[in-house]
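Here is the structure we will look at.
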Amino acid sequence: MLKLGLLSLLACAALVRAETGYDAWLRYAPLEGAALERYRLTVPAVVAVLDPSPVAMSARAEIVRGVKGMLGRTLREESSVPKESAIVMGTVAQLGGLIPAVTLAPDAFWLKSTTQGTGHFIVIAASNDRGLLYGAFALLRKITLGEGLANLDLRETPYAPVRWVNHWDRLNGTIERGYGGNSIFWENDHVRQDLTRVADYARLLASIGIDACSINNVNADPRLLTAEYTPEIARIADAMRPWGVRVAISVDFGSPQSLGKLDTFDPLDPRVAAWWKAHVDELYAAAPDLAGIVLKADSEGRVGPSAYHRTHADAANVVARALAPHGGLLFYRGFVYDHHMDWQNLKNDRGRAAYDNFHALDGQFEANVIVQIKNGPIDFQVREPASPLFGGLEKTNQAIELQVTQEYFGQARHTVFLVPYWKETLDFDMHAAAGDSTLKALAAGKTFHRPTGGFVGVVNAGLDENWFGNHLSQANLYGYGRLAWNPDLSSQKIADEWTRLTFGANPKVDQTITQMQLTSWRTYENYTGPLGLQTLTDITGDHYGVNVEASERNGWGQWHRADEAGVGMDRTVATGTGYIGQYRPAVADRFESLASCPDDLLLFLHHVPYTHRLHSGKTVIQYIYDSHYEVAAAVSAYVEQWKSLRGLVDEQRFNDVLTQLEYQAGQAVVWRDAVTTWFYRASKIADAKGLVDHYPGRVEAESMTLAGYTVRDISEPTPGRANGPPIVTPAEDASGGKVVACPTGAKSCTASTKFAGQPGWYTLRVEYFDQANGVAHYRAWVNGQAVDEWAADLRLPSIRLDSTTSTRRTIAGIALRPGDEIRIEGVPDGGEVAALDYLEIVAEK
Ligand code: GCV
């Protein structure tokens, strides 16, 4: 009895072992039962590596670490083929007769089981040390996933030579569009002293086949090219090198003038060319395996070749020529557009910009230049068609830029698994050539037989223990790497792999998380920008909360043109901006006609009345209404699904994700209400289902009995927009367009209401505002009895009272009788005014 009790206690302890998420998908959690027995029989006692390079040593150490974690056994390390059974790693030549002579591409690996004499060998063969490392990770992945090792014969070659990540880290340690804490690379204008995190990050990258990483923001700080930083860059390179990850940097195109004391940065001036050469030579002297340079020029205020009426090819080539002797690559960003466009001109279209800027230059770039093109023509919106530029370059290397960091995707406070989105884009046939002209084939250089090309992911992982601020967001980095390695993997396969590696093999856990991840993009899209609306977020502000009109009446060109009469950007050739004509005819014809244009992209490509019928037969306006209600319910269902995993996922990560999903469920309601209200007001078409603008059980804070609280119109300028009136007035951000706020400096304020419903059990939902400039406290009372208290301490990106800060507190299990007084007390702090939007009283089932 005692023994049993102890055993179950131990089992329990293993299950609830606190996990911070730091190990991500490389947990190597102990195997149990039959799986443990099976692998203990098949995994030999020795691991030998025949290649002495540091990368190969990492591969061997990783095998030892993984086997120790999963099987509880420490393998003996050797450096020649032992007589006894072993895992043996080496190049095909080093492996001698152990396996047949084959030619393996760089970074490819071959996992092969073989027998010689009395020894059984698991061979990891490759043509270079990175291949050995990738093979080692593949072998460990197989063990974690429970795949058999007998008759092993797995040969994998990366789909594309370029598998990079970019970081948008600033030298001061902050990150542009980073949601997982500050930089792992930089602190106080220098490289961090302790680079352990950097090495651990490189290990994560290596495990998914990523081999290069740029370490500073594309909005580049020119100081990085001063001599002071060269040894610092070299330190990062040293930290990442054992994992086969090479470092790259982003540079400012004006550097020859701003740093070099030249009177010009004209790319055709020989002094400028000499300047770049000298600087690049210096960098390579310190870090000889630097992967290359990333350049954002003539974009969003960055200087570029237009200053001298030169072309993007001139700009790219002057830096590329400096890199060429060292084998470095120059990534020139295709994200070039005018952000001061006249919004009243219906022919203007930011979507055209990449193609218009680069198509005519095809063939003019040096062989080591790669044009780095965002997946869509605008900017990582919730849905965009594939950028037509991918089909418009035949004699130029290209790479697809995907955004792993969730800028327009809920900034890691919302769970959105992006792999299905990326898959749709990568599999899209651009009809650019007779053979395979899917986007992935074009980007990888296969279609037009380019020397190089591939994938770049903007990652922006940070110092948070779990790297991203949300455990489930780790799946995006994992999925990005897996797709860059093999874009033919299905979303299902990637989600399933990631879930089992990250949360274990329990089938219920696997199924629940995988399903949630696979549906999460469509869910998010349907509350933040359905039918090709791109995004309805505040594009001139934090890119997070709702602000339907923020896209309009400004020069940024993220227009959706929603007004009283209709919605959508007319990008047709016949009557619109002509954007659709940038695609090859087979694609253009499909997009141009309303009959064949996919519903998902309708409003990206066409302007239609709200009564336009989709292929499903539903009107556009009813789709907007329905989709918002459906997905708000779907996110609530995620919460319930997650709760069903209690006890099956370790406690820390279980609670973290639960908190995240509960928050997201509240936000989906904020989005639902704001977007449907806005479209109802604009279209004046009532919801056929009668849901929009009717909120049963909701008591607006402004109609409660207030003590100290004052009513505020949400569109008032707040300190965040102190310089004049706000650009937009998102009255839809608050229920009823109003909130109540407690003046700064007040001790506390209260808002109360009398319950008038039937006696029973109720859930109270308090919609309050969690501004970033203080930590207000709230208390809820029923008939003078305290029932809940909380602090408004989330890390949200606004100090305004708006949908970004609008947050929901759920208080379940409250018994109410008619006449009961419900009172919310808010205690302001700093600039945070303990504001309230409404109270919702929901009967429990
Ligand atoms: C690094 C968008 C983002 C910017 C980003 C830019 C880019 O505009 O909001 O933060 O700048 O894209 O990709 O260069």
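Here the sequence shown is numbered in the numbering used here, starting from 7 and rising by one per residue.
Beta carbons are placed, not taken as given, at the ideal position from N, Cα and C, and that holds for glycine.
Nearest neighbour of residue i, chosen from the options [CA to CA]
| i | options | result |
| --- | --- | --- |
| C219 | V197, V300 and Q370 | V300 |
| K744 | S809, G714, D693 and W787 | S809 |
| Q523 | V422, L336 and R46 | V422 |
| D195 | D113, D217 and L230 | L230 |
| D320 | D217, D304, D569 and N779 | D304 |
| H634 | R577, T529 and Y185 | T529 |
| Y414 | G460, A481, Q540 and S393 | Q540 |
| Q122 | N134, G696 and I93 | I93 |
| C755 | P228, T711 and V772 | T711 |
| D502 | T150, D656 and A450 | T150 |
| E632 | E708, P615 and R678 | Note that residue 632 is Asp in the sequence shown, not Glu. Among E708, P615 and R678, the Cα nearest to that of D632 belongs to R678. |
| T431 | A447, G441 and A284 | A447 |
| Q412 | G75, L483, V286 and G398 | L483 |
| N466 | I630, S86 and V224 | V224 |
| I69 | F143, E738, A643 and T813 | F143 |
| R252 | S264, V168 and V833 | V168 |
| I720 | D699, G751 and Y774 | Y774 |
| Y585 | K690, T750, W565 and P394 | P394 |
Range covered by the alpha helix (DSSP H) that runs through residue i
| i | result |
| --- | --- |
| H318 | H318 to L329 |
| K89 | Here K89 belongs to no alpha helix (DSSP H), and DSSP marks it neither H nor E. |
| A857 | Residue coverage of the chain in this structure runs from 7 to 851, which leaves residue 857 outside it and unanswerable. |
| W684 | E657 to S689 |
| K446 | L445 to A449 |
| I500 | S497 to F509 |
| W281 | P276 to A292 |
| S264 | S261 to S264 |
Close-in-space but distant-in-sequence residues of the same chain around residue i (CB under 6 angstroms, 5 per side omitted)
| i | result |
| --- | --- |
| V425 | G485, S497 and I500 |
| A279 | V324 |
| Q670 | H420 and V641 |
| G487 | I214, G215 and I216 |
| R727 | Residue confidence for R727 is low, a pLDDT of 46 falling below 50, so the modelled location carries little weight; the figure read from the coordinates is stated next. If we look at R727 and ignore the five residues flanking it on each side, it has no Cβ neighbours. |
| D544 | G551, N553 and A556 |
| K380 | F341 and E407 |
| D258 | A226 and P228 |
Supposed close pair residue i, residue j - CB separation, criterion 8 angstroms
| i | j | result |
| --- | --- | --- |
| T444 | F434 | 6 angstroms |
| W282 | L268 | With 8 angstroms as the limit, W282 and L268 do not qualify as a contact, their Cβ atoms being about 11 angstroms apart. |
| H346 | G561 | 4 angstroms |
| D606 | G535 | In fact, because the Cβ distance is near 11 angstroms, the residues do not count as touching under 8 angstroms. |
| L139 | K148 | 15 angstroms between Cβ atoms; not a contact. |
| R71 | Y34 | 7 angstroms |
| L667 | Y644 | 5 angstroms |
| P513 | A571 | The Cβ separation is near 52 angstroms, so there is no contact. |
| V655 | L845 | Not really, about 32 angstroms apart at Cβ, beyond 8 angstroms. |
| I847 | G766 | Incorrect: roughly 10 angstroms between the Cβ atoms, too far for contact. |
Beta strand (DSSP E) segment containing residue i, residue limits
| i | result |
| --- | --- |
| Y768 | G766 to F775 |
| V788 | H783 to V788 |
| K760 | C755 to K760 |
Same chain, Cβ closer than 7 angstroms to residue i, neighbours up to 5 away in sequence not counted
| i | result |
| --- | --- |
| A592 | H437 |
| A674 | Y533, V637, A638 and V641 |
| L158 | L117, K118, S119 and I128 |
| R559 | W349 |
| E838 | Q777, N779, G780, V781, A782 and A798 |
| L15 | Confidence in L15 is poor, its pLDDT being 40 and thus under 50, which makes the residue's placement unreliable; the coordinate value appears in the next sentence. Same-chain partners within the cutoff: there are none. |
Exposure of residue i, with buried meaning 16 or more beta-carbon neighbours within 10 Å
| i | result |
| --- | --- |
| G307 | exposed |
| Q628 | buried |
| R82 | exposed |
| D442 | exposed |
| I519 | buried |
| Q417 | buried |
| H285 | buried |
| G672 | buried |
| T402 | buried |
| H700 | exposed |
| V73 | buried |
Residue-chain proximity (residue i, chain C), Cβ-Cβ < 8 angstroms
| i | result |
| --- | --- |
| N512 | Within the model displayed, chain C is absent; a lone protein chain is all it includes. |
Contacts around residue i, its chain only, beta-carbon distance under 8 angstroms, and the 5 residues preceding and following it disregarded
| i | result |
| --- | --- |
| W249 | V61, S64, L139, A205, A208, R209, L211 and A212 |
| P262 | L268, T270, F271, R277, V278, W281 and W282 |
| C603 | R596, F597, L611 and H612 |
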